[in-house]
Amino acid sequence: MNRLVRGEDGRDWVVRAQMEWRAPATADDFEHDVAGSYTPGIAMLLVTAFLAVVLVIWTPDQVRVPAWVFLAILLVLLFFPLRWILRRPWTVVAETEGDVAGDRPSERWVGTIRGMFTVSGEVKRITKTIQKHSLPDFDGPLHPVE
Numbered sequence: 586m587n588r589l590v591r592g593e594d595g596r597d598w599v600v601r602a603q604m605e606w607r608a609p610a611t612a613d614d615f616e617h618d619v620a621g622s623y624t625p626g627i628a629m630l631l632v633t634a635f636l637a638v639v640l641v642i643w644t645p646d647q648v649r650v651p652a653w654v655f656l657a658i659l660l661v662l663l664f665f666p667l668r669w670i671l672r673r674p675w676t677v678v679a680e681t682e683g684d685v686a687g688d689r690p691s692e693r694w695v696g697t698i699r700g701m702f703t704v705s706g707e708v709k710r711i712t713k714t715i716q717k718h719s720l721p722d723f724d725g726p727l728h729p730v731e
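As structure tokens, then:
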């Protein structure tokens with residue numbers, strides 16, 4: 586997602602967002618980085634799959650399962666992968682090369698936003714702020730980087 590924005594002072598800003606497959610490591614998340622591995626999650630997934638197979642095999646022939654039950658099971662199975670995809674962190678960067686006359690220096694602002702739908706709204710808000718004030722909002726998700 587790339588956008589070209591002209592600020593009120595005449596500088597051209599490039600606002601871009603990119604999805605991150607791994608959450609960026611920050612000092613606030615240090616305790617979570619020290620946590621174990623994926624082994625407990627994989628073990629629970631295998632146990633759940635085994636129990637589902639046993640349930641299907643032991644179901645008597647006289648039992649009629651409605652179609653909505655299969656749909657409900659499918660929705661439950663897809664909930665966490667869909668949630669994982671929709672809640673991925675995005676790195677948003679707003680940068681400018683400065684103006685032609687050299688009066689205003691080049692700047693680079695970087696921030697992380699979580700959520701596919703949230704990031705599109707934030708990028709729109711950032712572009713409007715740049716058009717209006719020639720800078721991203723200091724109270725927003727972006728922070729200046731040198």
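With the first letter of the sequence shown counted as 1, position 109 gets the number 694 in our numbering; the numbers rise by one all the way through.
All residues carry an ideal CB built from backbone N, CA and C; glycine is no exception.
Cut-off 7 Å between Cβ atoms - residues of its own chain near E682, not counting five sequence neighbours on either side | In chain order, S691 place their CB closer than 7 Å to the CB of E682, counting only its own chain and leaving out the 5 sequence neighbours on each side.
According to the neighbour-count rule (16 or more other Cβ atoms, all chains shown, within 10 Å of its Cβ), is T644 buried or exposed?
-> Around the beta-carbon of T644, fewer than 16 other beta-carbon atoms lie within 10 Å, marking it exposed.
Residues bridged to H718 (per DSSP) | DSSP output for H718 lists no bridge partner at all.
So what's R591 in DSSP terms, helix, strand or just coil?
-> The answer is strand: DSSP assigns R591 an E or B state.
Using DSSP bridges, identify the partner residues of D597.
-> BP columns for D597 point to R591.
Do M586 and V708 have their C-beta atoms within less than 9 Å of each other?
-> Cβ distance < 9 Å, so M586 and V708 count as in contact.
What's the call for T732, buried or exposed, on a 16-neighbour Cβ count within 10 Å?
-> One cannot answer for residue 732 here, as it falls past the ends of the chain, which runs 586 to 731.
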